[in-house]
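Each remark here refers to the structure printed beneath this line.
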Amino acid sequence: MMRLELVKRPQRSALFSALSPFIAFALTIIAGAVLFALLGVNPLTAFRIYFIEPISQVWQLHELAIKAAPLILIAVGLSVCYKANIWNIGAEGQFILGGIVGSIIPVLFPQFEGPLVLPLMLLLGMVGGAAYAAIPALLKTRFGTNEILTSLMLVYVAQLFLDWLVRGPWRDPQGHGFPQTIQFNDSAVLPELMPDAGRANWGFVFALVAAVLVWILMSRMLKGFEVRVLGSSPRAGRFAGFGLNRMVFFAFLLSGALAGLAGISEVSGAIGQLQPVISPGYGFTAIIVAFLGRLNPLGIVAAGLVLALTYLGGEAVQSALGISDKVARVFQGMLLFFVLGCDTLIHYRIRLVGLALTKPEAAAKLEAAPKLKEAR
Amino acid sequence: MSANQDGTNLLEVRGLTKIFGTLTACDHIDLDIARGEIHALLGENGAGKSTLVKMLFGSLEPNSGEIFWSGQAVRISSPGVAKKLGIGMVFQHFSLFEALTAAENIALSLDDGSPISSIAAKARALSFSYGLPLDPESLVGDLSVGERQRIEIIRCLLQTPQLIILDEPTSVLTPQEADKLFETLERLRSEGKSILYISHRLEEVKRICDRATVLRHGKVVGHCNPREETASSLARMMVGNEVQAVVRAPVEGIATAQPLLEIRNLSRKPATPFSIPLKGINLNVRAGEVIGIAGVAGNGQGEFFESVSGEVLQQDAASVRIRGKDAGGLTITGRRLLGAAFVPEERLGHGAAPRMKLSENLLLSRHATDGKAFVGTGGMVKSAAIYAASQRIIEAMDVRKSAPDPEAAALSGGNLQKFIVGRELDRQPDVMVVNQPTWGVDAGAAAHIRQALIELSRSGSAVLVISQDLDELFEISDAIAVMHNGELSKPLPIAEATFEKVGLLMGGAEPGHAEHTLETA
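One line per chain: the protein sequences are A and B, in this order.
Counting along the first sequence from 1, when you hit position 46 you're at 33 in our numbering, and nothing is skipped either side.
Counting along the second sequence from 1, when you hit position 379 you're at 380 in our numbering, and nothing is skipped either side.
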């Protein structure tokens, strides 16, 4: 009889800290193969369509960047929250509010044009996302509410608010009754990076800059130290003189602003107008991105690209094989599941042990032990 | 079980070994306990005492080795099995529900479904016959630590054990309460019960124990009769070498010295139903002296430390004054900037962040006071500077470690404590407030820390030490005040202080020495 035993490592393993996402990815592939086989599709074909074909041409890489940009922007902000042990689950709502508030200028003042429009929109988008994130922060610091619940519930409020806006007061009067706002004028559209090669816009640059800046903040600055101390040992943080309430606001406002920036970048770049739905769940997928990237902004860039691929692959298998694009959600879920599972390896070793030694065996072991020592 | 009364030992342990990761906590331990003896298990913190008794009580499973109970090999796989065999244990940290009565707490551990009233009656009878006064109907939250321990002992006795294991039972008692406990133990011995008595207090071991087994670094280093040993020979066995005595130079002109820390009528309402309110505390600590605060654990020391350090603010700004300035409304950072330094009781998670490197833990308490040295423009941390400063402290305090800049949690308790104390000493603070400076620290490191505190005071700083270790306070203090139930007695000059006087104050007696002050010293 054998059994598996987890043995605590004396220190966290740097090797498995780096390897864990890759092991998780491999396990996801294996589980995905089983999934495709059960659906009656040759797994090899499915994988080629899912993971290889969506990135085999330059314009497709641009599509990947478009999908990855909001994921990275949001996840970078969330990583600060999660490092501080503050659980902002409502990035999807902050993303939507960023899109709405950022769209005030092009929707309500379409005559306002010029080089100032876009910077103002981006700024308003960040303010909108941050203000919406301030609500759970205020509730938590004032009344001790659980920020997981309040931030999550505010997502649905934001979704319905957007839906009401585009069907009601902000609907395009010339839009034949379609629930959408007017098309943004040219100065309100986020420019493409290389219009000849593909559609990728400046949102991807914002994401990379944000990742680098937050990486510097977290690893090199006193503020990042404050985040890590309060997140890992709040009492030691209080002893250091760091205020927990201030930190709740800092983390929520920062992540809200980045989610808001992602929202307005998506609306003004990839979509060009407000619609009832502006996000295929970026705010939730970004949670997976944040953890897959080890809450490290640079890791998050890589993780964001991987998760963006699951979106593109989902669309590809739907059109090529007729499989529901919900399969993308399944892949994302499995990935998070395996990442969290593999993280056990960072703190524990796996050991195979025999069950219940019989007495002579135990005695033999006892005799052997001192001898082993002498041998050493 | 066959009644084996033919001279076999009640308990024999052979080659018991327990390994945690790379640490061998218990390494081939042999131990014999005869019927009707009080057997001491001696060793410093971290010597493996707790691991050994946890294996005897079934809370841990040994990696190898055998246990014989009345001559028969047994496998103690759970505390339930231990209880069935007749092994009872009184833990150092009680597991009692404060919102329940003593009898209800006892009933919870018996789980035989007998009604509370009959348990209360049995408990009352036992408490009477063993001289352990206790009202089973009283709420645990209202009881003193000594009384809570009696609940644990009675709970253990109700199961009529043959062997009772007591883990550091006197660490939370006043000297007088400890005397009562010893009477009970002697009585149990006279009834033929065996007791395994874990302690690092040598005097009490010499007083009540028949035999002793000494552990060091997980190994048995000797069996002896403590009555034939001296305290220092026992200490040598425990520590492995002679511990240097702390030298306390006399202070001069203390009467005219400037008070650097003044506590004036400091009061605080209880933060939770079971925390202690502080009631009108007054205390001056002058430049050049060490004042000790004695007291049984849980009498308001933690609340007092939080209030003085500024982790909790006061309404009355003048209730805490540092170097002549009102500090009651200042945060801990503000108080540090006035020249104060603080060392809390808990090392991991309070004084240090466990998963952070030592250099980062240096930044923890000094990011504001040494802002220029450690933090550059725009809030960038100067990692080279904090690394160099942490290495300086590591060298000055002789901190032993396995890597150049390890995580705090990777250090042993004593070495981490040396670093945390050294981190504050390195600043040469004018006011130093330390809670339990050497709790769980080995004797060599403790002497080092104590000497460093005395030297800080003699260089012109005010040092306030809160401790439950009376030996320590008598060693380093120029005066000792006692905290009881949220009140602080007047400081007794060390020349007049005796264990008996301090012990009475710890038990809540009115201060009989009324108006002695330091000026007469």
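Just so it is clear, CB atoms sit at the ideal spot from N, CA and C, and this is done for glycine as well.
Quiz item: Is B:Met507 helix, strand or coil by DSSP?
Solution: helix
Self-check item: Near the ligand MG: B:Asp211 beta-carbon under 8 Å from a heavy atom
Solution: The model depicted lacks the ligand MG and carries no ligand whatsoever.
Practice problem: With a 10 Å radius around its C-beta and 16 neighbouring C-beta atoms as the bar for buried, classify A:Lys(-5) as buried or exposed. | Solution: exposed
Quiz prompt | Alpha carbon of A:Gln319 to alpha carbon of A:Pro8, nearest angstrom | solution = 13 Å
Quiz item: Going by alpha carbons, who is nearest to B:Ile248 out of B:Ser458, B:Leu12 and B:Lys85?
Solution: According to the sequence shown, residue 248 of chain B is Val rather than Ile. Of the listed residues, the one whose Cα sits closest to B:Val248 is B:Ser458.
Quiz prompt | Beta-carbon proximity list for B:Lys419, same chain, < 6 Å, skipping 5 on both sides | solution = Met398, Val400 and Ala446
Quiz item: Are there 16 or more other CB atoms within 10 angstroms of the CB of A:Arg(-1), so buried, or fewer, so exposed?
Solution: exposed
Quiz item: Would you call the segment 260 to 273 of chain A and the segment 189 to 208 of chain A touching, i.e. three or more CB-CB distances under 8 Å?
Solution: no
Self-check item: From B:Glu488, B:Ala41 and B:Met239, residue whose alpha carbon lies closest to that of B:Leu186
Solution: B:Ala41
Exercise. Could you check what DSSP says for A:Pro357 in three-state terms: helix, strand or coil?
Key: Below a pLDDT of 50, predicted positions are generally treated as unreliable, and A:Pro357, at 42, falls in that range; the measurement from the model is reported next regardless. Looking at A:Pro357 - three-state DSSP - the assignment turns out to be helix.
Quiz item: In terms of alpha-carbon separation, which member of A:Phe171, A:Asp150, A:Leu109 and A:Ala78 lies closest to A:Ile135?
Solution: A:Ala78
Quiz prompt | Neighbour flag for A:Leu209 against chain B, beta carbons, 9 Å | solution = yes
Quiz item: CA-CA distance, B:Lys383 and B:Gly377?
Solution: 6 Å
Practice problem: For A:Phe154, decide whether its Cβ has a neighbour in chain B, counting only Cβ atoms nearer than 9 Å. | Solution: Here residue 154 of chain A is Arg; the residue named in the question, Phe, does not match the sequence. Taking Cβ atoms only, chain B never reaches closer than 9 Å to A:Arg154, which makes this a no.
Quiz item: Since B:Val14 is in the beta strand (DSSP E), which residue starts that stretch and which ends it?
Solution: Leu12 to Phe21
Self-check item: Close Cβ partners of B:Ser115 (< 8 Å) along its chain, the five nearest in sequence each way excluded
Solution: Ala108
Quiz item: Hey, does B:Pro1 have any beta-carbon neighbour from chain A nearer than 9 Å?
Solution: No answer is possible for residue 1 of chain B: it lies beyond the span of chain B, which begins at 2 and ends at 522.
Practice problem: Return the chain-ordered list of same chain residues with a C-beta closer than 7 Å to the C-beta of A:Gln47, the five sequence neighbours on each side being excluded. | Solution: Pro41
Quiz item: Roughly how many whole angstroms lie between the Cα atoms of A:Leu248 and A:Met113?
Solution: 5 Å
Quiz item: So the alpha helix (DSSP H) B:Leu471 belongs to, where does it begin and stop?
Solution: Leu471 to Ile477
Exercise. Kindly list the residues whose CB is nearer than 8 Å to the CB of B:Gln429, restricted to its own chain and excluding five residues on each side of it in sequence; keep chain order.
Key: Leu457, Ser460 and Ser462
Quiz prompt | Rounded straight-line distance, which links the Cα of B:Glu307 to that of B:Leu262 | solution = 15 Å
Exercise. Select from A:Asp183, A:Trp189 and A:Gln167 the residue whose C-alpha is nearest the C-alpha of A:Val176.
Key: A:Trp189
Quiz item: Is the CB-CB distance between B:Leu364 and A:Phe171 below 9 Å?
Solution: no
Quiz item: With contact counted as at least three CB pairs below 8 Å, one residue from each stretch, are the segment 81 to 91 of chain A and the segment 232 to 251 of chain A in contact?
Solution: yes
Quiz item: Any C-beta of chain A sitting closer than 9 Å to the C-beta of B:Leu417?
Solution: no
Self-check item: For B:Arg15 and B:Glu229, the rounded distance between their alpha carbons
Solution: 26 Å
Exercise. Let me know the secondary structure DSSP gives B:Phe69 once reduced to three states.
Key: strand
Exercise. For the segment 472 to 489 of chain B, enumerate the residues whose C-beta is nearer than 8 Å to any C-beta of chain A, in chain order.
Key: none
Practice problem: Can you check DSSP and say which residues form a bridge with B:Phe343? | Solution: B:Val434
Quiz item: Excluding sequence positions up to five away, which residues of its chain have a Cβ less than 6 Å from the Cβ of B:Pro260?
Solution: Asn285 and Arg287
Practice problem: Assign B:Val503 to buried or exposed, taking buried as 16 or more other Cβ atoms, counted over all protein chains shown, within 10 Å of its Cβ. | Solution: buried
Quiz item: What residues are listed by DSSP as bridge partners for B:Ile269?
Solution: Here residue 269 of chain B turns out to be Arg, not Ile, going by the sequence shown. Its beta-bridge partners are B:Leu279.
Quiz item: Got a sec? Which residues, its chain only, sit under 8 Å from A:Leu327 by beta carbon, not counting five neighbours each side?
Solution: Phe278
Quiz item: Looking at the C-beta of A:Phe212, does it have a partner C-beta in chain B at a distance below 9 Å?
Solution: yes
Quiz item: So with Cβ pairs under 9 Å, would you call A:Phe237 a contact of chain B?
Solution: no
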